[in-house]
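Taken in order, these protein sequences are the chains called A and B. All residue numbers for the first sequence refer to my numbering, where the first residue is 1 and numbers rise by one. All residue numbers for the second sequence refer to my numbering, where the first residue is 1001 and numbers rise by one. We put the beta carbon where it would ideally sit given N, CA and C, even for glycine.
There are 2 protein chains.
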Amino acid sequence: MIHPVILAGGSGTRLWPVSRKSYPKQFSALVGGGTLFQEAVKRVTGPGFAAPIVVTSNDFRFIVQDQLASIGIDDAQVIVEPMPRNTGPAILAAAHAVDADKDPGAQVLVCPSDHLMGDNAAFLHSVGAASSAADRGRLVVFGVKPDRIETGYGYLEPAVSYSGASDGARPLARYIEKPPRDIAEKLVDGGKHLWSAGIFLFRVVDLIDAFEGLAPELNACVSRAVNGAVSDLGFSRLNPDAFAQAQDISIDYAIMERADNLSVVQLTSSWSNLGAWDAVWRESDKDVQGVALHGNARAYDCENTLLRSGSDEIQVIGMGLKGVAVVAMRDAVLVTAMDRSQGVGGAVEDLIGDGVKQATEFPRRHRPWGWYETVSLGGRFQVKRIMVRPGAKLSLQSHFHRAEHWVVVQGSASVTVGEEVQLLTENESVYVPLGTTHRLENPGRVELHLIEVQTGSYLGEDDIVRYEDLYAREDVS
Amino acid sequence: MIHPVILAGGSGTRLWPVSRKSYPKQFSALVGGGTLFQEAVKRVTGPGFAAPIVVTSNDFRFIVQDQLASIGIDDAQVIVEPMPRNTGPAILAAAHAVDADKDPGAQVLVCPSDHLMGDNAAFLHSVGAASSAADRGRLVVFGVKPDRIETGYGYLEPAVSYSGASDGARPLARYIEKPPRDIAEKLVDGGKHLWSAGIFLFRVVDLIDAFEGLAPELNACVSRAVNGAVSDLGFSRLNPDAFAQAQDISIDYAIMERADNLSVVQLTSSWSNLGAWDAVWRESDKDVQGVALHGNARAYDCENTLLRSGSDEIQVIGMGLKGVAVVAMRDAVLVTAMDRSQGVGGAVEDLIGDGVKQATEFPRRHRPWGWYETVSLGGRFQVKRIMVRPGAKLSLQSHFHRAEHWVVVQGSASVTVGEEVQLLTENESVYVPLGTTHRLENPGRVELHLIEVQTGSYLGEDDIVRYEDLYAREDVS
C-alpha cells in the first residue's frame, strides 16, 4: 500500500493578497476547481492508496479538517506539528506514523499541497514507476523537465539522461539545491537536469534507515514526538517537547544531498509550484491576447495580463495593460508587472514590519468552531457575521467593555446568557449585557449564521474572559 | 455684487469608479482638500460675492445640501432642474433667479463644480478683470493657456494676443467649439488661442438680453420655469412643464458662438477639468519618479503612476508599473494604462448595458434623510448600516416579504412599530415583524446610526409600501 503524505503546514507570501500567513495559498482555489490542498488530496485517493496523512501546523488544523470534510474525506490522519521544523522532520514524522510492523513493505508518497498538476493520470503513471523502484529499496524523487531558467528550485541529475517520452526510474547522480543563475542556465541548456518537484516516494523502512544513518539525533527526536503524540478532537498532536528538539532542516539537505540509494522519476504531467503571480498567469486559461480572467473581471485591449477579482461583489476592469497582474480583494489590491511578481514577498514583509493587518490576516477569521468577519466598524460599535458549524460551541465567556446583540439569520442557536439557556431560530434575537457570561452553540445539523452587533467603549478581540473552552485554547482566538 | 452660480447637475463616467451616475465626481475629493463642489463654492465665498446659487438635478439635491452644510454655508439658493437641459437653460435660470430689479448692475459668475483651480488668489484677480469688462456690458468667458493638444475643449481666439504676464479682458474674435485634432494642433502651436474653462461672468441684464435676442423661445420657457418655481424643503424647484419645453443646448452653442459683445479674460491660475485619470495624476503631488499616492497605497519601483485607495480598509500595492492608474474601491477596481484613461467611459457604458450595479451606484446610497449601505448579504438575510440625519424621518412603510431587527449603535431613534412609538438609544433594539407598518425618525441633535438586520424570502428595495413621506417621493428611494 502507498500511504500519501500531504504537506500542508507551509505559508508563503508571494501570492499575497490571496495567500496570507493566516490562510496560505494551498487552501485557496488559484486555477479552477477546488483548493490546491483539496486537489492534492483527491489526486492520491483511490485504488492502491491508503488513507491520506496530512501534516499541518496548529494554525491550520481546522482549515484542513474543514476542507477535507467538504470533499468527503473522513479517514485522513491529521498530524499537527507543534512548531515548524521544515520538511525533514515533517516527512519523517509521517513515516513513523505508518504502522510498518503490520505492513513491512508500506510506502509513503510525499506531496506538497500547494502545487498544480496538469495531468493526474500521467502523475499516477509516474507514481507507479517510482513505486517499483521503491520496492527495490530506492528513495525516489520526482523530477520535472525545465522549460525556463529558475534559481529557486533544486536540480536533479539522473545518471542516465531522459530523452523523448522515456520514463521509469534512474539512479540520481547528483542533487544541486538552488543553484546561482549562471549554473542554472547551464543545467537547463544541457537538457539533462530536472527540477525537483518536492514529491518523494519510498518505503517507510528505507526512509527511517536513511535518517537513522545520516541524522540519528533527528530520528530519535521525531520518533519520540510521534510515540508521545496525543489525539485531540481528531488530530494527532506530536509531542511538543520532543519535536522542539528536532533539527529544523529540509529533506533535501537532510537526505537528498547525502543518501546513496536515491533515484529519480521524470514526471510526465505538466507541473507548477505556482511560486508567484506570473506562474498563476502561465497556468491559467488565456485568450489569444494572453489575457486570463478570474472571477468578475473585464479586459479592454490588454495583453499577457491576469485580472483576478476575489469576489462577485468586486468589479475589476483592466484597460490597455501589458504584462500586468491585478489581484483584487475586499481589503487589499495588488497590481504588479508580471516580471516583478517574484518581489511581492518583499513588499509583504514591509507590511508585516509596519503591522498592517492585511499582510497576514483576512477579513474572515477561521476558528475551531467556524468563522467570523467584521462587516462594519464604527467608533463605538462593530458588526460581525458569524458562522458556527453543526455541533460546534464557542467558549463560555464574558466581556468587560461591550454588550452584544445577536440576530440569527440562518439555522438554530442554543444560547446561554447568565443562567438562562434558550433556543433561537431564524429571525430571533437575544441581548447579552456587558459583563454577563454567555455561550453560543449550534445544536443543529446545518450551519448557524448570525449577526452580532457589539457596542461599547473598547471592541478588541482581547476583551474576553474565557471560562470553558471545547478547543483547549489559551489565546484569544 | 457678483452672484456666484455653481453648476452641479452633471454626471460623468470617465473618472469611474470614483465618479458614478448616482454620485458624480464633483462630490468627491479627487486631489486633496474638500470635494470639488465644496472647493468651487468656497472659492467664491467672501467679500464682493452674494450668497451662492447652486443649480443641480433632483438626484443630487440632498448631496448638495449635505456638502454645503458641512462647510458651514447656510445661505445658498439651491435651484433644482426637473430634468437635464444642458448649461444654456441652467445658467439662464440662475440669472432669472437673481433679483435684477433691486440691483440692476448685478453680475453673475458661472463656475462648473468639477474643476480644479490651482491658485484661488489668481482666479479672484481674473474675476476682478472680468467684472470690470462686464460692467461695460461685455459677456466674459475665462480662457486657459493650453499646454497640450486637446480636442475635447472649446478654443477662444482673443482679438489681441495675450503675451507674457499680461492680463485684463480682450474682445473675443472667434469661438471654436471642440475642433478636430489637426485644427487643435494648429491652434495650440499658434500660441494665441486659449481653452474655454467653462467659467463666465456677465451682468444679469446682459445675459437675459443676449438670450432674448438669440433664443427668445428658450428665454420665455426658462423665465416661466423660474417664475413658476416652488420652494420645497429649502430647494427652489423649477416649474417642470415650462422647463421641459426649454431647448437642450449648451451656453457655448446658444451664446458664445453667436453673441457680438463677447470678451475673454485669461485665467492666470493653473486649471484642470480633471477629465480623466491621467488629468488627476497630472494634478496630484508626485515624487521624483512621478508616482502619486492617494490614501492607503504603496509603490515599489513604479514610474508615472497613480495609486489610489478609496478607503483606509483597502491596502493597495503597485509594483514595477509604468504609466498606469490604479483606482481601488470596495466594490470596483480600475487599472488602466494612463494614456488609455480617456476610454474608461466606454467601458462603463458596457457595464451599464449589462446592468452591472457598480456602473452607476455606490455601496453607500444617499437618501433625503441620510444614507444606507449593505454591509453583508446572504441568501435570506441582509445587514444594512443606516444613518439618519438630526430631525430627519423615513417614510411610514411596511414590507410584504421581510422582517427587520434594528439595533441603535449611535444617537437616538424614535421608532413607530404598528401603533406603538418608542424612543431607543444606543445599545437598544426593536423588532419589526413582517407586514407591520413602521417608521424611523431621528429626534436628536446628533446623527443616528443603526444596524438593520433583514430576514425574509425577498429583500429587494422595491418591497416597500409607503404610507406617508416627508420628502414627497414616489419612487422606492
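Simplified DSSP assignment, three categories, for residue i
i         : result
B/Trp1016 : coil
A/Ala403  : strand
A/Gly346  : helix
B/Leu1488 : Absent from the model: residue 1488 of chain B. The displayed extent of chain B is 1001 to 1477, so no value can be given.
A/Met329  : coil
B/Glu1177 : coil
B/Gln1289 : coil
B/Cys1302 : coil
B/Arg1385 : strand
B/Glu1447 : coil
B/Trp1478 : Residue 1478 of chain B lies beyond the stretch modelled for chain B, which goes from 1001 to 1477, so this question has no answer here.
A/Gly198  : strand
B/Met1117 : strand
B/Gln1245 : coil
B/Met1338 : helix
A/Ala8    : coil
B/Thr1416 : strand
B/Phe1062 : helix
A/Asp260  : coil
A/Pro89   : helix
B/Leu1139 : strand
Within chain A, the residues that residue i reaches when beta carbons sit closer than 9 angstroms
i         : result
B/Asp1301 : Ala337, Arg340 and Gly343
Proximal chain B residues relative to residue i, where beta-carbon distance stays under 7 angstroms
i        : result
A/Asp331 : Glu1313, Ile1314 and Gln1315
A/Arg385 : Ser1376
A/Ala215 : Those within 7 angstroms of A/Ala215 in chain B number zero; the least Cβ separation is about 40 angstroms.
Close-in-space but distant-in-sequence residues of the same chain around residue i (CB under 7 angstroms, 5 per side omitted)
i         : result
A/Ser477  : In this prediction, A/Ser477 scores a pLDDT of 43, lower than 50, which makes its location untrustworthy; the coordinate-derived value is nonetheless stated afterwards. Excluding residues within five positions, the ones whose Cβ falls inside 7 angstroms are Arg367.
B/Ala1229 : Ser1236, Arg1237, Leu1238 and Asn1239
A/Ala29   : Thr35
Residue i at chain D interface by Cβ criterion, 8 angstroms
i       : result
A/Gln77 : Annotation note: the requested chain D is absent from the structure, which comprises protein chains A and B.
Cross-chain neighbours of residue i in chain A, by beta carbon under 8 angstroms
i         : result
B/Met1319 : Leu334, Val335, Thr336, Ala337, Arg340, Ser341, Gly343, Val344 and Ala347
B/Gln1410 : Gly378, Gly379, Arg380 and Phe381
Minimum Cβ-Cβ distance from residue i to chain A less than 8 angstroms
i         : result
B/Leu1351 : yes
B/His1405 : yes
B/Val1476 : Because B/Val1476 sits at a pLDDT of 44, beneath the cut-off of 50, its placement in the model cannot be relied upon, and the point is left open.
B/Tyr1023 : no
B/Arg1308 : no
B/Ala1093 : no
B/Ala1328 : yes
Sequence-distant residues of the same chain with beta carbon closer than 6 angstroms to residue i, five excluded per side
i         : result
B/Gln1065 : none
A/Gly418  : Thr436
B/Tyr1471 : Pro1368
B/Ala1050 : Met1001 and His1003
CB contact below 8 angstroms: residue i versus chain B
i        : result
A/Gln358 : yes
A/Val324 : yes
A/Val375 : yes
A/Ala173 : no
Neighbourhood of residue i by C-beta, 8 angstroms cutoff - its chain only, sequence neighbours within 5 removed
i         : result
B/Ile1149 : Arg1181, Ala1184, Glu1185 and Val1188
A/Asp475  : Note that A/Asp475 has pLDDT 48, beneath the 50 cutoff, so the model's placement of it is unreliable and no number is given.
A/Arg330  : Gly310, Ser311, Glu313, Ile314 and Pro363
A/Val432  : Ala403, Glu404, His405, Trp406, Val417 and His438
Residue i CB to nearest heavy atom of the ligand MG below 7 angstroms
i         : result
B/Gln1107 : The model depicted lacks the ligand MG and carries no ligand whatsoever.
Taking beta-carbon pairs under 7 angstroms, can you tell me which members of the region 445 to 461 of chain A lie near chain B? His449, Ile451, Val453 and Thr455
Below 8 angstroms between beta carbons is the criterion; list the residues of the region 1426 to 1445 of chain B that meet it against any residue of chain A, in chain order. Glu1426, Asn1427, Ser1429 and Tyr1431
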